[in-house]
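Residue numbers for the sequence shown follow the numbering used here, so the first one is 2 and each next one is one higher. Beta carbons are placed, not taken as given, at the ideal position from N, Cα and C, and that holds for glycine. Predicted, not measured: the structure shown is a model, and the values here were computed from it.
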Amino acid sequence: MYNVSNYDENTPVLIVGGSLVGLSTALFLSWHGIPCLLVERHANISPFSRAGGFNPRTLEIFRTVGVESAIREAAPDAFKNTKMVRVDTLVGKELGTYLENSSNYSMASSPISGCIIPQNILEPVLKEQASKLGADLRFATECVSVEQDDDGVSAVIRDLSSGQEHRVRARYLVAADGNKSPIRKKLGIGVQGPGTLTHQINIRFHADLQTVLRDRRFLVCFIANVQGMFGGNENGYFLSAPYDLKKESEQDFLGERGVELIRSAVGVPDLEVKIQNVVSWEMADWLADHFQQGRIFLAGDSAHVVPPTGAYGANTGIADAHNLSWKLATVIKEQAGSDLLSSYELERRPASKLAVEKAYSIYCERLNPEHSSPSTAKEMGYEIPIFGYIYHSKAVYSEDDSLYEDPRIPTGRPGTRAPHISLESNGQRISILDLFGRNFVLLAGVEGTPWCEAASYVAKQLNISLDAYCIDNDLIDVDKSFISTYGISPTGATLVRPDGFVAWRIPNVSEQPPQELERVLTKVLCR
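Given below as structure tokens:
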């Protein structure tokens, strides 16, 4: 056992990294009532936009914790009514359209739309909400060292403004410290996948492109001529393209080399260009060998890195944070056994692998057609890494070993995201998704009253919060689709986890609903 007096402060969860995934983790934990300490070595949120497309599933997650409206309000108008296409050059022909209108970022699987908002605008929203909920967020603070034992994690953190160091003791640590993750490297966790795809140069510039754009407004435009990406508006444009790291430097692109590249992408040889600044970055695609070692968990870019094609990276990281947070909260509250935490890697790594593989196939299609990706990834539907993956772990009563399904034709089987149906509650239309988030939820058919009665008994026996609804008794099934969508009978029931994933279902009522439900929850909670 460790000695409390050896530490300056204690926290249930230490989060290293204060970017998108770290802030999301702090937000979700705080929403579940778990104190946490986040440290970020940068003094402020990064001013660079980076990720910008947040899909409907991510907005569903943020809706759960009450921050969806604030995100939509913060989203700039400049990114509305834009499109995503591939062209030969900006003056040349269009080779393909991937998003017709960013203001309609919707998918058949969800009742809500996604949101186009730059990461540097989204992060302050998350930071503010996490702080309101009690998260201790410390910027300009770096994690100097980390050690773990059977009982917890010991870390030294340093305030970069004063140089003062503090010894912190945490029960668990979440490493959201980026693609070069010092913590992942310290743990000796390797990575697999294509690795570095290209070294990219981002050039911000001004030019008169009114005639070239022909009233088109791009969220992103993939330019085949330079294997690059273009975006922006009359206030400033950007071009990102691969460059030879061995032969060229960032400084080269501040002058004629940068002008030449922009002119090639636009397709106007004598275009007047004024370059503002340049920055280089690495486009990569890989997956960590493990997402957990002892009491330390990898999330976001420390666990997986994907190219920006397809907008999977940030969204997948937020899904990591969402999956891990409710499990940490349930274990810390002593409502679940610690083995529940091992389900994080078992669930999130295969789901992330789908995103890594699909993003690589889209990269090949849109930016580097000379490369080919596995046919399975190429044929995989775009929505599958977003809505269609299936979890398999101790926290799920799996019915088969399928890795994914078409989310447009949901089965309601355990391991899948609980599918949306429309309900009516007190005269108001809601989604069944609005029932999920904080507690386990039991959903029974119209004749499933024994299950709802059992839920009340089992919740007391296990000392947990368990919500229960008989659909078409407590809530009205607007389209009469609950039974068919969730794959049960009017006497059956399904159990949904706090993260909105189906844990178990039973087609019909059993002889002893209380004993059956208690057995199921005991297993799912690893008690």
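- Residues of the same chain with a CB within less than 7 angstroms of the CB of E406, apart from the 5 flanking positions on each side, are G389, I391, T412, T417 in chain order.
- Within the segment 267 to 342, complete alpha helix (DSSP H) segments of at least 4 residues are found at 314 to 333, given in chain order.
- The Cβ atoms of S399 and P415 lie closer than 8 angstroms to each other.
- In the DSSP assignment, S426 falls within the unbroken beta strand (DSSP E) covering 423 to 426.
- If you ignore the 5 residues before and after P112, its C-beta comes within less than 8 angstroms of the C-beta of H421, S423, S432, L434, all in its own chain and listed in chain order.
- One thing to note: A75 has its Cβ within 8 angstroms of the Cβ of V126.
- Straight through space, the alpha carbons of R58 and K328 are spaced by roughly 19 angstroms.
- By the neighbour-count criterion, in which 16 or more other beta carbons inside 10 Å mark a residue as buried, D152 falls on the exposed side.
- For R418, no alpha helix (DSSP H) segment is defined, and its DSSP state is neither H nor E.
- Non-local beta-carbon contacts of F63 in its own chain, meaning distances under 7 angstroms to residues more than five positions away in sequence, involve E69, I72 in chain order.
- E166 carries a strand assignment under DSSP once its states are collapsed to helix, strand and coil.
- The segment 140 to 192 contains, as complete alpha helix (DSSP H) runs of 4+ residues, the segments 183 to 188 (chain order).
- According to the DSSP assignment, E517 belongs to the alpha helix (DSSP H) that extends over 514 to 525.
- The C-beta separation of A266 from I35 comes to about 48 angstroms, leaving the pair out of contact by the 8 angstroms criterion.
- T377 sits exposed, since fewer than 16 C-beta atoms from the chains shown fall within 10 Å of its C-beta.
- The segment 76 to 86 and the segment 244 to 257 do not touch, with fewer than 3 CB-CB distances between them shorter than 8 angstroms.
- For F231, there is no enclosing alpha helix (DSSP H); the enclosing beta strand (DSSP E) covers residues 229 to 234.
- Counting only the Cα atoms, V479 lies some 34 angstroms from G311.
- With fewer than three CB-CB distances shorter than 8 angstroms, the segment 329 to 344 does not count as touching the segment 445 to 457.
- Here DSSP, grouped into helix, strand and coil, assigns D435 to helix.
- With respect to the 8 angstroms criterion, H372 and E283 are not classified as neighbours on the basis of their beta carbons.
- By the C-beta density criterion, P309 is buried, having at least 16 other C-beta atoms within 10 angstroms.
- For the set K128, L138, P243, S182, the Cα lying nearest the Cα of V147 is the one of S182.
- CA-CA distance, Q120 to T12, rounds to 28 angstroms.
- If the five residues before and after G93 are omitted, its C-beta is found closer than 8 angstroms to the C-beta atoms of N226, G268, all from its own chain and listed in chain order.
- Setting aside the 5 residues that flank it on each side, P514 is surrounded in the same chain by P451, W452, A455, each with a C-beta closer than 7 angstroms to its C-beta; the list follows chain order.
- Close CB contacts of R430 within its chain, under the 8 angstroms cut and outside five residues either way in sequence, are with S423, L424, V479 (chain order).
- Each residue's CA atom was taken as its position, placing R439 and R367 some 40 angstroms apart.
- Secondary structure of P195 (DSSP, three-state): strand.
- In the structure shown, N82 falls within a coil segment according to DSSP collapsed to helix, strand and coil.
- Judged by DSSP in its simplified three-state form, E41 adopts strand.
- For N121, the uninterrupted alpha helix (DSSP H) segment begins and ends at 120 to 133.
- For A136, the three-state secondary structure derived from DSSP is coil.
- Ranked by Cα distance from S281, the first of S426, I204, L161 is I204.
- In terms of Cβ geometry, L174 and A156 form a close pair [threshold 8 angstroms].
- With a contact defined as Cβ atoms closer than 8 angstroms, C527 and K359 miss out at about 31 angstroms.
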